[in-house]
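Some notes on the structure that comes next.
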Amino acid sequence: MTPSEELILLTDEDWSVIDQEPCRVLGFMPGGCIREGKIIVDKEGPYASVLLECRKIRGTVKGYVTREIDFRHLWRVFRERILQENEEVIIFWTKEHHECEWLRPFRSLPTLTVMVCHKGWLEFMGDSSLKPESMSFEEMLRPIVYLKWAGMEKDRNGGAGEL
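Counting the sequence shown from 1 gives a position; our numbering is that position plus 15.
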């Protein structure tokens with residue numbers, strides 16, 4: 016894929032090219048909104064799209080969010096919470112971390128882990144020799160906000176803050 020091409024992620028098969036790969040969210044374009052806890056969408060189709068930067072993929076990556084809980088988590092970090100200048104949103108897509116293996120083939124299950132991290136987290140994860148400024152390695156690694164579906168496996172490293 017050349018830098019001018021855009022990779023489109025709609026189906027699980029499409030998304031699987033970045034399975035368990037951390038990606039920075041450069042843009043969140045909702046197809047609706049959440050009012051009084053209810054999702055209001057004008058049309059059938061994806062709840063939103065996200066513009067992503069992934070180390071594994073060159074060029075632009077546009078992912079479509081087709082699961083309600085994944086949309087709610089992205090809405091929370093982009094619309095209900097104000098991102099600070101020194102923060103970025105990182106997502107992971109996977110179907111491998113559902114607690115019950117027999118659930119993994121079901122298409123409707125949430126697949127995104129959404130995190131608000133310190134800016135530079137993605138580069139730091141790719142090269143841990145980078146020394147974070149004004150914080151410890153542990154602080155840099157620990158997400159500020161960590162959102163995932165309750166049916167995904169429990170964190171091995173303790174997780175992070177809620178909204």
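Just so you know, even glycine gets a beta-carbon here, dropped at the ideal spot from N, CA and C.
Short of 7 Å from the beta carbon of M140, and not among the five residues preceding or following it, lie these beta carbons of its own chain, in chain order: P37.
In the three-state reduction of the DSSP assignment, D57 falls in the coil class, being assigned neither a helical nor a strand state.
Under the three-state reduction of DSSP, W108 is assigned to strand.
Short of 6 Å from the beta carbon of I49, and not among the five residues preceding or following it, lie these beta carbons of its own chain, in chain order: W90. Assigned with DSSP and collapsed to three states, L156 falls in helix. Fully contained in the region 69 to 104 are the following beta strand (DSSP E) runs of length 3 or more, in chain order: 75 to 80. By the Cβ-count criterion, E20 is exposed, with fewer than 16 other Cβ atoms from all chains shown falling within 10 Å of its own Cβ. Following the DSSP letters along the chain, one finds M150 in no alpha helix (DSSP H), marked with neither H nor E. With fewer than 16 neighbouring CB atoms inside 10 Å of its own CB, F152 falls in the exposed class.
When DSSP states are grouped into helix, strand and coil, G52 belongs to the coil group. Within 10 angstroms of the beta-carbon of E28 lie fewer than 16 other beta-carbons, which makes it exposed. Contact check for V40 against H88 fails: the beta carbons are separated by 9 Å or more. Residue pairing by DSSP places D34 opposite W108 in a beta bridge. For L24, the enclosing beta strand (DSSP E) covers residues 21 to 24.
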